[in-house]
Amino acid sequence: MRPKFYIDENVPFAVCIGLKMRRIDVVSAKELNRLGDDDEAHFHFAQEEKKAIITHDADFLSLAAKEQGNHGLLLFTRHMNIGEAIDEIERIYLAFSAEDLQGRIFFLPHGKQSF
């Protein structure tokens with residue numbers, strides 16, 4: 170099964186739009202009126218919905234480490250232009266199944282994986 174993604178409020182909404190244009194299953198905090206929710210609320214929502222989280226917020230690393238069965242984390246380690254960000258996420262989407270993402274952290278750019 171293909172991965173599904175949840176974009177928190179730290180990633181530009183244009184990334185979400187671009188991914189949707191590529192027919193990738195993604196939803197954003199903005200679309201769901203979850204702007205201002207704390208990190209734990211975003212994290213638990215994504216887990217309940219079986220979605221990997223896309224964020225710039227390194228605080229999600231500690232949350233992901235505590236939840237071994239998490240559905241994956243894609244963490245931008247530096248700012249990229251919108252097109253580059255969409256391309257990076259699409260590469261992961263095409264290369265991995267939802268099951269492959271479980272418990273994994275990808276540092277973007279370059280889709281480097283840790284634990």
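If you're matching positions, the sequence shown starts at 170 in my numbering and goes up one per residue. Beta carbons are placed, not taken as given, at the ideal position from N, Cα and C, and that holds for glycine.
CA-to-CA distance, residue j to residue i, given in whole angstroms
i, j, result
"K189", "G238", "26 Å"
"I186", "A234", "29 Å"
"T224", "P172", "16 Å"
"R192", "Y262", "11 Å"
"S283", "R273", "With a pLDDT of 45 at S283, under the threshold of 50, the modelled position of this residue cannot be trusted; read the value that follows with caution. Roughly 7 Å separates the two Cα atoms."
"I258", "H213", "21 Å"
"E253", "E218", "26 Å"
"G205", "I251", "22 Å"
Start and end residues, beta strand (DSSP E) containing residue i
i, result
"F123", "There is simply no residue 123 to check, as the chain begins at 170 and stops at 284 in what is shown."
"F245", "242-245"
Residues of its chain near residue i, where Cβ-Cβ distance is below 8 Å and the 5 sequence neighbours each way are ignored
i, result
"M170", "S266, A267, E268"
Same chain only: Cβ atoms within 7 Å of residue i, ignoring 5 sequence neighbours per side
i, result
"K220", "K173, F174, Y175, H240"
Outcome for residue i when other beta-carbon atoms lying within 10 angstroms are tallied against a minimum of 16
i, result
"A227", "exposed"
"L201", "exposed"
Opening and closing residue of the alpha helix (DSSP H) in which residue i lies
i, result
"F182", "182-190"
"D256", "251-264"
"E268", "267-270"
Contacts around residue i, its chain only, beta-carbon distance under 6 Å, and the 5 residues preceding and following it disregarded
i, result
"F245", "H225, L277"
Next on the checklist: Just to confirm the assignment: which complete beta strand (DSSP E) runs, minimum length 3, are found wholly within the region 192-239?
Outcome noted: 195-197, 221-224
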